[in-house]
Amino acid sequence: MDLVLDFERPIAELRHQIDALRDVHAGGHEVDIQASITHLEGELAELQTRIFSRLTPWQRTQLARHTGRPFTLDYIEGLCTEWTELHGDRGGFDDHAIVCGLARFRGQSVVVIGNQKGRKTRENLVRNFGMARPEGYRKALRVMKLANDFGLPILTFVDTPGAYPGVEAEANGQAEAIARNIMEMARLNVPVVTVIAGEGGSGGALAIAVANRVLMLENGVYSVISPEGCAAILWRDRAEAPRAAEALGITARDCLKLGVIDELIEEPIGGAHRHRAATIQRVGDAIASHLNALKDLSPEQIRADREQRFRKLGRFMEGA
Amino acid sequence: MADGRRWFENTKTFTARARPMDSAVAPDLWTLCDKCGTPIFNETLAQNSQVCPSCGHHFPVSGAVRLRMLCDEGSLVFHDADLVSVDALSFVDSKPYGRRVAASRSQVGTNDAFVSASGVIEGIPVEVGSFEFRFMGGSMGSVVGEMITRVFERARARSVPAVVVSASGGARMQEGVLSLMQMAKTCAAVARLKDDAHMPYISVLSHPTTGGVAASFSMLGDVIVAEPGALIGFAGPRVIKETIGQDLPVGFQTSEYLLEHGMIDRVVKRTELRALLAQLLGQLTNAAPRGAGA
Ligand SMILES: [Zn+2]
Chain A
408 MDLVLDFERP IAELRHQIDA LRDVHAGGHE VDIQASITHL EGELAELQTR IFSRLTPWQR
468 TQLARHTGRP FTLDYIEGLC TEWTELHGDR GGFDDHAIVC GLARFRGQSV VVIGNQKGRK
528 TRENLVRNFG MARPEGYRKA LRVMKLANDF GLPILTFVDT PGAYPGVEAE ANGQAEAIAR
588 NIMEMARLNV PVVTVIAGEG GSGGALAIAV ANRVLMLENG VYSVISPEGC AAILWRDRAE
648 APRAAEALGI TARDCLKLGV IDELIEEPIG GAHRHRAATI QRVGDAIASH LNALKDLSPE
708 QIRADREQRF RKLGRFMEGA
Chain S
283 MADGRRWFEN TKTFTARARP MDSAVAPDLW TLCDKCGTPI FNETLAQNSQ VCPSCGHHFP
343 VSGAVRLRML CDEGSLVFHD ADLVSVDALS FVDSKPYGRR VAASRSQVGT NDAFVSASGV
403 IEGIPVEVGS FEFRFMGGSM GSVVGEMITR VFERARARSV PAVVVSASGG ARMQEGVLSL
463 MQMAKTCAAV ARLKDDAHMP YISVLSHPTT GGVAASFSML GDVIVAEPGA LIGFAGPRVI
523 KETIGQDLPV GFQTSEYLLE HGMIDRVVKR TELRALLAQL LGQLTNAAPR GAGA
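As given, the protein sequences belong to chains A and S, one line each in that order. Residue numbers for the first sequence follow my numbering, so the first one is 408 and each next one is one higher. Residue numbers for the second sequence follow my numbering, so the first one is 283 and each next one is one higher.
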């Protein structure tokens with residue numbers, strides 16, 4: 408959480424200076440220290456706005472991966488009551504890289520599904536750095552079908568570098584599990600609202616993101632391939648990742664322009680990782696308004712609405 | 283996943299290379315098998331569905347040739363060949379995306395990496411499609427996603443089965459997240475074919491089927507068959523090897539490996555593919571066997 412990114416350093420230094428002055432002031436020395444503090448606080452606000460208003464796609468990628476950002480369980484804790492986690496794929500495995508469960512969101516009973524990362528090493532091992540195995544996607548699908556059976560809206564939180572690339576994951580059908588989820592989500596008769604909260608890593612993200620409404624935090628990223636992976640292939644050098652991040656169009660603004668997301672949720676100045684509670688509330692308000700807009704649709708209309716949303720996506724010319 | 287260029291470069295090793303075997307024989311009459319080195323008459327290779335008669339190696343085939351192999355003579359009516367990609371991201375790597383597409387168009391002769399048609403397989407009307415792997419490694423961007431979606435939509439509208447042959451490195455990087463969205467678009471169309479028309483979809487996997495193509499419609503066939511020895515999987519072998527830091531098991535991610543792990547229904551030689559499809563389609567739609575009379 409205290410990890411300071413390179414481009415945040417000037418902000419951190421200024422904040423440090425202000426804190427130092429405050430300590431002096433509390434000691435009851437010079438009178439005009441308060442004036443200096445006020446002045447520096449103004450500068451700090453300005454500096455933050457300046458830095459955060461022109462972040463590069465690579466800087467946003469770093470923010471999207473910051474462990475200080477709210478994770479799925481933080482959103483659940485901040486936005487829901489009666490969280491009841493449900494476990495297992497009913498096929499022999501419970502993948503902790505994805506959490507699923509029942510909860511109440513502003514009074515409404517919902518199913519919540521999300522990728523879960525860890526903050527500490529041990530937690531990350533349990534969560535496999537948020538990279539789900541096929542069994543995780545199958546658990547998610549089982550719980551989505553449960554929501555469908557009982558007419559409950561589904562909220563999903565996407566925050567994964569991607570599906571886990573391992574030998575067993577392949578043997579157990581990683582490709583099939585993702586494909587199946589995508590198709591079955593398209594078929595659901597209940598409203599689905601997805602939030603791209605951090606990293607939206609390719610097919611592993613889409614497997615829980617075929618929603619009626621896809622919302623995205625300002626510093627989230629959503630991409631067909633990681634910038635590092637793209638750089639390794641196209642420039643044969645992972646160090647070219649910042650260039651790849653630029654080329655791939657992975658930011659929330661890019662996704663909004665392309666119609667891939669329906670709403671960009673602005674983060675408080677300074678980023679979600681420094682303002683977790685405020686970010687979580689903004690996300691909650693956005694989810695509530697989209698859920699509300701979908702509440703009068705019939706089950707068949709809900710499915711058609713989602714299908715049409717994705718049917719339109721893509722850019723091409725016809726008649727060439 | 284969306285390994286357009288690397289896949290494309292790799293194809294060179296799979297492509298039939300014509301070499302002079304004998305100074306008295308015209309070089310374009312022969313092809314050396316990439317796997318066993320046997321010289322094969324091109325005519326023999328064509329008659330044998332582009333499969334090496336001595337070792338069974340399956341050579342890559344172009345999309346149009348593939349559809350002709352599978353469908354009754356004269357039955358094909360091609361669709362959507364006029365769809366052309368747009369450079370929505372102004373994507374530039376070693377060259378601009380637009381120039382990369384233009385180069386593939388003139389080299390391959392198609393507008394993008396997919397060919398689709400209405401056709402007939404041994405008397406059964408179908409909607410069919412096949413990847414054009416030579417076109418940017420068969421990568422799926424907006425055009426490919428749209429063409430595949432329309433295969434399923436036409437099949438649904440006509441109430442006929444769909445058959446799609448995959449050969450693709452995955453989603454096309456140069457169209458970014460729009461390529462990712464094609465996975466959802468195509469899968470939703472598969473669902474509608476099943477739900478509304480109750481018509482089957484047979485997915486044929488050929489070498490290679492990976493990334494976003496493996497992780498969408500190609501793994502959703504009501505029946506899934508694969509050609510022998512094809513590479514099929516979500517993550518590329520190199521990525522997995524780097525992640526786990528160990529060598530991969532022998533035969534990992536081949537058709538045979540997937541069969542063993544319950545992920546596909548059958549491995550079928552290309553020379554027997556058409557007959558198998560006809561049989562499956564007849565069974566799934568309960569159509570009268572050919573020659574059984576009305
Ligand atoms: Zn051979």
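For glycine and all other residues, C-beta sits at the position ideal for the given N, C-alpha and C.
**Study point:** Same chain, Cβ closer than 8 Å to I505 of chain A, neighbours up to 5 away in sequence not counted
**Key:** For I505 of chain A, where only same-chain residues beyond five positions count, the Cβ hits under 8 Å are I520, G521, N522, Q523, A539, G543, Y544, K546, A547, I615.
Check your understanding: For S441 of chain S, which residues from the same chain have a beta carbon less than 7 Å from its beta carbon, with the 5 sequence-adjacent residues on both sides left out?
Key -> The beta carbon of S441 of chain S is closer than 7 Å to those of A479, M481 in its chain, skipping five residues each way along the sequence.
Point to revise | Closer than 8 Å: T320 of chain S CB and nearest ligand 1 heavy atom | key: Yes, the Cβ of T320 of chain S comes within 8 Å of a heavy atom of ligand 1.
Practice item. Using a Cβ-Cβ cut-off of less than 7 Å, give me the residues of the stretch 457-474 of chain S that come near chain A, in sequence order. Key: Near chain A, meaning a CB-to-CB distance below 7 Å, the residues of the stretch 457-474 of chain S are G458, V459, L460, S461, L462, M463, Q464, M465, A466, K467, C469, A470, V472, A473.
Exercise for review: Work out the CA separation of C353 of chain S and S630 of chain A for me, nearest whole Å.
Suggested key: Answer to the nearest angstrom: the Cα atoms are 38 Å apart.
Check your understanding: DSSP three-state call for S367 of chain S: helix, strand or coil?
Key -> Looking at S367 of chain S - three-state DSSP - the assignment turns out to be strand.
Check your understanding: Alpha carbon to alpha carbon, what distance is there between Q456 of chain S and G726 of chain A?
Key -> Going by the C-alpha atoms only, they are around 22 Å apart.
Review point. Any chance the CB of K317 of chain S is under 8 Å from a heavy atom of ligand 1?
Key: The beta carbon of K317 of chain S sits closer than 8 Å to at least one heavy atom of ligand 1.
Check your understanding: In its own chain, which residues sit with a C-beta less than 6 Å from the C-beta of A651 of chain A, not counting the 5 before and 5 after it?
Key -> Closer than 6 Å at the Cβ level, and outside the excluded window around A651 of chain A, lie P634, C637, A638.
Check your understanding: List, in order along the chain, the chain A residues whose C-beta lies closer than 8 Å to that of P531 of chain S?
Key -> Chain A residues near P531 of chain S: V574.
Check your understanding: In chain order, what residues of the same chain lie with their CB nearer than 7 Å to the CB of A685 of chain A, ignoring the 5 residues before and after it?
Key -> If we look at A685 of chain A and ignore the five residues flanking it on each side, its Cβ neighbours are P675.
Check your understanding: Within this structure, are the beta carbons of H697 of chain A and N626 of chain A separated by less than 9 Å?
Key -> No, they are not a contact pair.
Point to revise | Option nearest S450 of chain S by Cα separation, candidates S:A560, S:A557, S:V426 | key: Ranking the options by Cα distance to S450 of chain S, first place goes to S:V426.
**Study point:** Contact residues within the stretch 700-726 of chain A, judged by C-beta distance below 7 Å to chain S
**Key:** Listed by position along the chain: E714, F717, R718, L720, G721, R722, F723, M724, E725, G726.
Check your understanding: Closest to G610 of chain A by CA distance: which of S:G515, S:A473, S:G503 is it?
Key -> For G610 of chain A, the closest alpha carbon among the candidates S:G515, S:A473, S:G503 is that of S:G515.
Check your understanding: Within the chosen definition, does the stretch 398-407 of chain S reach the stretch 359-368 of chain S through at least 3 CB pairs nearer than 8 Å?
Key -> The stretch 398-407 of chain S, when compared against the stretch 359-368 of chain S, does touch it at the 8 Å Cβ threshold.
Point to revise | Rounded separation between G319 of chain S and S424 of chain S - CA only | key: In a straight line, the C-alpha of G319 of chain S is about 39 Å away from that of S424 of chain S.
Review point. Taking 8 Å as the cut-off, does the CB of S336 of chain S come closer than this to any heavy atom belonging to ligand 1?
Key: S336 of chain S Cβ: within cutoff of ligand 1.
Review point. Within 9 Å (strictly less), CB to CB, does E591 of chain A reach chain S?
Key: Closer than 9 Å: yes.
Point to revise | Buried/exposed call for A570 of chain S, threshold 16 Cβ in 10 Å | key: By the 10 Å Cβ count, A570 of chain S comes out exposed.
**Study point:** Given I418 of chain A as reference, the closest of A:E707, A:G678, A:R722, A:E714 once Cα atoms are compared
**Key:** Between I418 of chain A and the set A:E707, A:G678, A:R722, A:E714, the nearest pair of CA atoms involves A:G678.
**Study point:** Cβ-based burial, D556 of chain A [other Cβ within 10 Å; buried from 16]
**Key:** A residue is called buried once 16 or more other Cβ atoms fall within 10 Å of its Cβ, and D556 of chain A, having fewer, is exposed.
Exercise for review: State yes or no: is the beta carbon of S488 of chain S nearer than 9 Å to at least one beta carbon in chain A?
Suggested key: No, because no Cβ of chain A sits closer than 9 Å to the Cβ of S488 of chain S.
Exercise for review: Determine the burial state of W289 of chain S: buried for a count of at least 16 other Cβ atoms within 10 Å of its Cβ, exposed for fewer.
Suggested key: Low local confidence applies: a pLDDT of 40 at W289 of chain S is under 50, so the model's placement there is unreliable, with the coordinate-based value given in what follows. Buried, by the Cβ-count rule.
Exercise for review: Could you pull out every unbroken alpha helix (DSSP H) segment of at least 4 residues lying fully inside the stretch 491-516 of chain S, listed in chain order?
Suggested key: Complete alpha helix (DSSP H) runs here, min 4: 493-496.
Review point. Who pairs with W312 of chain S in a beta bridge, going by DSSP?
Key: Paired residue(s): S:F323.
Practice item. List the DSSP bridge partners of S485 of chain S. Key: Under DSSP, the beta-bridge partners assigned to S485 of chain S are S:V446, S:I506.
Practice item. State the Cα-Cα distance for the pair R472 of chain A and V565 of chain A, rounded to the nearest angstrom. Key: R472 of chain A and V565 of chain A have their alpha carbons spaced roughly 12 Å apart.
Review point. What in chain A is Cβ-close to H480 of chain S, meaning under 9 Å?
Key: Correct list: empty, because the minimum Cβ distance to chain A is about 14 Å.
Review point. What residues of chain A sit near F534 of chain S, judged by a beta carbon separation below 9 Å?
Key: Ordered by position in chain A, the residues that pass the 9 Å Cβ test against F534 of chain S are V574, E577, A578.
Review point. Do the CB positions of I585 of chain A and V459 of chain S come within less than 9 Å of each other?
Key: Their beta carbons are not under 9 Å apart, which means I585 of chain A does not touch V459 of chain S by this criterion.
**Study point:** Helix, strand or coil at R722 of chain A [DSSP, three-state]
**Key:** Correct three-state label for R722 of chain A: coil.
**Study point:** Element boundaries [beta strand (DSSP E), containing D566 of chain A]
**Key:** For D566 of chain A, the enclosing beta strand (DSSP E) begins and ends at 561-567.
Practice item. Enumerate in chain order the residues of its own chain whose CB-to-CB distance from I546 of chain S is below 6 Å, with the five nearest sequence positions on each side excluded. Key: Excluding residues within five positions, the ones whose Cβ falls inside 6 Å are I506, A508, L540.
Check your understanding: Closer than 8 Å: is that where the CB of H339 of chain S sits relative to any heavy atom of ligand 2?
Key -> Ligands present in the displayed structure are limited to ligand 1, and ligand 2 is not among them.
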